[in-house]
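In the numbering used here, the protein residues as written are 355 to 477.
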């Protein structure tokens, strides 16, 4: 799990660990994801710089967000939402089918707040 893997493998592990209630696998996945998607601002600066996935698709944050709900670990959601909101609007709308309507709204609202804050800081 500490080596670079593919999105499909990690999502498969998430789904299987939830379906078969494999807490050891789930805990290992959560530990690994928390290194890349920290919940504290100071940890965000120290987040892993190496890639989480080998040759990831452009929409992997959306795929991961969709699967991460099965992990029942809300502490990784803010960073996942943040990374999803960094994509351009055309991509966000194109990939909205991968996530729930509620998650889509969170991403759009977060993107709007970030834009507004950037504008206020800039002016």
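C-beta: ideal position from N, C-alpha, C; glycine also.
Given the structure is predicted, the values throughout are model-derived calculations rather than measurements.
- The beta carbons of residue 429 and residue 393 sit closer together than 8 angstroms.
- Taking a contact as a CB-CB distance under 8 angstroms, the pair residue 461 and residue 435 counts as one, their CB atoms being some 6 angstroms apart.
- Taking C-beta separations shorter than 8 angstroms and ignoring five residues to either side along the sequence, residue 447 has no partners in its chain.
- Between residue 364 and residue 383, the alpha-carbon positions lie close to 8 angstroms from each other.
- Contact annotation: residue 405 and residue 360 have beta-carbon atoms that are not nearer than 8 angstroms.
- Rounded to whole angstroms, residue 374 and residue 470 show a C-alpha spacing of 43 angstroms.
- Pairing residue 441 with residue 476, the inter-Cα distance amounts to about 21 angstroms.
- Non-local beta-carbon contacts of residue 379 in its own chain, meaning distances under 8 angstroms to residues more than five positions away in sequence, involve 367, 370 and 371 in chain order.
- With fewer than 16 other beta carbons inside 10 angstroms of its own, residue 472 counts as exposed.
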